[in-house]
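Here the working numbering is used: the first residue of the sequence shown is 3, the next is one more, and so on.
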Amino acid sequence: MATSSRSTKINKIQKVLKKAGYQLVAPDPQRSVIEHLLFAACLEDAKYDAAEQAFAALVHNFFDWNEVRVTTIRELAEEISCLPDPTRAAQRIKEILQSVFETKYAFDLEELRKENLGPATEQLQKIKGATSFAVAYVMQVALGGHAIPVDAAAISVMEILDLAKPKDLKAGSVPGLERSVAKNKGIEFASLLHQFAVDFTATPHKPELRKCLLEIDPQAAPRLPKRRSRAAPETPGQAAPSPAAPAKPPAATPKAEQKPKKAAAKKTAAPKPKVQAKPARDAAEGKKTPARGKSTGGANKPAKSAPAAKRSATKGLSKKKPR
3 MATSSRSTKI
13 NKIQKVLKKA
23 GYQLVAPDPQ
33 RSVIEHLLFA
43 ACLEDAKYDA
53 AEQAFAALVH
63 NFFDWNEVRV
73 TTIRELAEEI
83 SCLPDPTRAA
93 QRIKEILQSV
103 FETKYAFDLE
113 ELRKENLGPA
123 TEQLQKIKGA
133 TSFAVAYVMQ
143 VALGGHAIPV
153 DAAAISVMEI
163 LDLAKPKDLK
173 AGSVPGLERS
183 VAKNKGIEFA
193 SLLHQFAVDF
203 TATPHKPELR
213 KCLLEIDPQA
223 APRLPKRRSR
233 AAPETPGQAA
243 PSPAAPAKPP
253 AATPKAEQKP
263 KKAAAKKTAA
273 PKPKVQAKPA
283 RDAAEGKKTP
293 ARGKSTGGAN
303 KPAKSAPAAK
313 RSATKGLSKK
323 KPR
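Here it is, written out as structure tokens:
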């Protein structure tokens, strides 16, 4: 892309975003250099109101910056949970405070205001946890330099507009951005771009946001993020068997086969009690027959004949007439 068309497109970003309703969010001039650096750690890839809320939680919920330094990342993340990625922000904050404390034995970077931008930038870049976005933010807001902070969200938008390459995302900067934007417009440009980029990252398919990108670059349509197509529901006949599917039918068929087997086993087992009942009946009859033999053998017959003899004697007596 030619330099003139590139500069024209970059300057068009500010005009289109102002037309869309985005306004400058001015930085707090009362903050110190270390406070601007920590606020930038909260602002990266986040909205301004969320960053302000997170920074206020750090100021009011802790005694001083040293207490924040010795607090665990997990506890810090809970305090700044309003951010989209509180864990990464907490890690940046903790690393910045630890690095400054090990170098200065205090949480004071005001001496950077007195140095030239070159040495001051080098000192900021040596601070662990200070990303390229945080360094550029401090240079622009606190040190009065001409630097435009861009985070991952902003670089992604610039890539859609064909103003950045994937390698720029790793470097954390957009080549030629400061040359195309005037210094007196740098703070406003960075603020508008940051607000739009965070909104677009959160809702990339919002029509109003996509319209802004197409107004800046009408040829950006192929580079816009595509919606994920939903998989069509497969019919039972067309459904491909899953790797675990073949194991299920063999497991189900034995269960189905076991039922008839059990039923057959029950049917075959049903006659067994009848076969066993016959010997039981024979045994019962065998017990009864000796009982009959015993009753007919001796004791019962005299018992039955004795009454008969008595009856015959009484009959003979009754027939005789009294004299």
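Just so it is clear, CB atoms sit at the ideal spot from N, CA and C, and this is done for glycine as well.
These figures come from a predicted structure and were not determined experimentally.
message = Checking 7 angstroms against the spacing of the C-beta atoms, do Val-140 and Leu-39 come in under that value?
response = Reading the sequence shown from its first residue, position 138 is the one you call residue 140. Reading the sequence shown from its first residue, position 37 is the one you call residue 39. With contacts defined by Cβ atoms closer than 7 angstroms, Val-140 and Leu-39 form a contacting pair.
ask   = So is Ala-266 buried or exposed if we call it buried at 16+ other beta carbons inside 10 Å?
value = As a first step, residue 266 is located in the sequence shown; it is residue number 264 there, counting from the start. Its pLDDT being 43, under 50, Ala-266 is placed unreliably by the model, and the measurement read from it follows with that caveat. Looking at its Cβ environment, which holds fewer than 16 other Cβ atoms inside 10 Å, Ala-266 is exposed.
inquiry  = To the nearest angstrom, how far is the alpha carbon of Gly-146 from that of Ser-182?
reply    = On the sequence shown, residue 146 is found 144 positions in, with the first residue counted as 1. On the sequence shown, residue 182 is found 180 positions in, with the first residue counted as 1. Between Gly-146 and Ser-182, the C-alpha separation is close to 18 angstroms.
ask   = If you count every other CB in all the chains shown that lies within 10 Å of the CB of Lys-401, and 16 or more means buried, which is it?
value = Since the first residue of the chain shown is 3 and the last is 325, residue 401 is not available in this structure.
Rounded separation between Gln-127 and Leu-163 - CA only = For the purposes of this step, residue 127 is taken as residue 125 along the sequence shown, with counting starting at 1. For the purposes of this step, residue 163 is taken as residue 161 along the sequence shown, with counting starting at 1. Between the alpha carbons of Gln-127 and Leu-163 lies a gap of roughly 28 angstroms.
ask   = Around the Cβ of His-62, are there at least 16 other Cβ atoms within 10 angstroms (buried) or fewer (exposed)?
value = Numbered from 1 along the sequence shown, position 60 holds the residue referred to as residue 62. Flag for His-62 reads exposed.
query = Excluding five sequence neighbours on each side, which residues of the same chain lie with their C-beta closer than 8 angstroms to the C-beta of Asp-47?
reply = Locating residue 47 in the sequence shown gives position 45, where the first residue counts as 1. So the qualifying residues of the chain are Pro-86, Asp-87, Asp-153, Ala-154, Ala-155, Val-200, Thr-203.
query = From Pro-79 to His-148, what does the alpha carbon distance come to, in whole angstroms?
reply = The count along the sequence shown starts at 1 and reaches residue 79 at position 77. The count along the sequence shown starts at 1 and reaches residue 148 at position 146. Checking the sequence shown, residue 79 turns out to be Ala, not Pro. Whole-angstrom Cα-Cα distance: 32 angstroms.
query = Which class does Val-137 belong to by DSSP, given the choice of helix, strand or coil?
reply = What you label residue 137 is simply residue 135 of the sequence shown in a count that begins at 1. DSSP places Val-137 within a helical segment (H, G or I) once states are collapsed to three.
key: Own chain residues within Cβ distance below 8 angstroms of Lys-187, not counting five before or after   = Along the sequence shown, read from residue 1 onward, the residue named residue 187 stands at position 185. Setting aside the 5 residues that flank it on each side, Lys-187 is surrounded in the same chain by Gln-16, each with a C-beta closer than 8 angstroms to its C-beta; the list follows chain order.
Inter-stretch contact at 8 angstroms, needing at least 3 Cβ pairs: the region 208–222 / the region 162–176 = The answer is yes - the region 162–176 touches the region 208–222, with three or more Cβ pairs under 8 angstroms.
ask   = Looking at C-beta atoms only, is the number of pairs between the region 90–110 and the region 12–32 that lie closer than 8 angstroms three or more?
value = no
request  = Output the boundary residues of the alpha helix (DSSP H) element that contains Lys-96.
outcome  = By one-based count along the sequence shown, residue 96 stands at place 94. That run of the alpha helix (DSSP H) goes 88–106.
ask   = What is the DSSP secondary structure of Thr-73, reduced to helix, strand or coil?
value = Residue mapping note: residue 73 aligns to position 71 of the sequence shown, counting from 1. Thr-73 falls in the coil class under three-state DSSP.
message = For Ala-184 and Phe-41, what's the separation of their Cα atoms in angstroms?
response = As a working note, residue 184 is residue 182 in the sequence shown. As a working note, residue 41 is residue 39 in the sequence shown. Answer to the nearest angstrom: the Cα atoms are 24 angstroms apart.
Residue burial classification, Ala-28 (beta-carbon count within 10 angstroms, cutoff 16) = If you number the sequence shown from 1, residue 28 lands on position 26. Looking at its Cβ environment, which holds fewer than 16 other Cβ atoms inside 10 Å, Ala-28 is exposed.
query = Can you tell me where the alpha helix (DSSP H) with Ser-83 in it begins and where it stops?
reply = By 1-based counting over the sequence shown, the position of residue 83 is 81. Here Ser-83 belongs to no alpha helix (DSSP H), and DSSP marks it neither H nor E.
task = Please classify Glu-117: does DSSP put it in a helix, a strand, or coil?
result = Counting from 1 along the sequence shown, the entry for residue 117 is found at position 115. DSSP places Glu-117 in coil when its eight states are reduced to three.
query = So is Thr-123 buried or exposed if we call it buried at 16+ other beta carbons inside 10 Å?
reply = Reading the sequence shown from its first residue, position 121 is the one you call residue 123. Counting Cβ neighbours within 10 Å, Thr-123 comes out buried, since at least 16 surround it.
task = Check whether the Cβ of Glu-69 lies closer than 7 angstroms to any Cβ atom in chain B.
result = Given the protein chain composition of this structure (a single chain), no chain B is represented.
key: Length of the line joining the Cα atoms of Arg-229 and Gly-178   = Residue 229 sits at position 227 when you count from the first residue of the sequence shown. Residue 178 sits at position 176 when you count from the first residue of the sequence shown. Near 32 angstroms, if we compare the C-alpha coordinates of Gly-178 and Arg-229.
task = Give a yes or no on whether the C-beta atoms belonging to Leu-19 and Phe-198 are separated by under 7 angstroms.
result = Mapped onto the sequence shown, residue 19 falls at position 17. Mapped onto the sequence shown, residue 198 falls at position 196. Contact: yes.
request  = Please go through the same chain and pick out, in chain order, the residues whose beta-carbon is closer than 7 angstroms to the beta-carbon of Pro-304, but skip the five residues on each side of it.
outcome  = What you label residue 304 is simply residue 302 of the sequence shown in a count that begins at 1. Per-residue confidence for Pro-304 stands at a pLDDT of 42, beneath the threshold of 50, marking its modelled position as unreliable; the derived number appears in the next sentence. So the list is empty, once near-sequence residues are dropped.
query = Under a three-way DSSP split, which group does Leu-19 fall into?
reply = Stepping through the sequence shown from its first residue, residue 19 is reached at position 17. Three-state DSSP puts Leu-19 in a helix.
ask   = How about Leu-194 and Tyr-24: are their beta carbons less than 7 angstroms apart?
value = Here residue 194 corresponds to residue number 192 of the sequence shown, with the count starting at 1. Here residue 24 corresponds to residue number 22 of the sequence shown, with the count starting at 1. Contact: yes.
ask   = Do you know whose CA, among Leu-226, Arg-90, Glu-190, lies nearest Ala-43's CA?
value = Numbered from 1 along the sequence shown, position 41 holds the residue referred to as residue 43. Minimum Cα distance to Ala-43 is reached at Arg-90.
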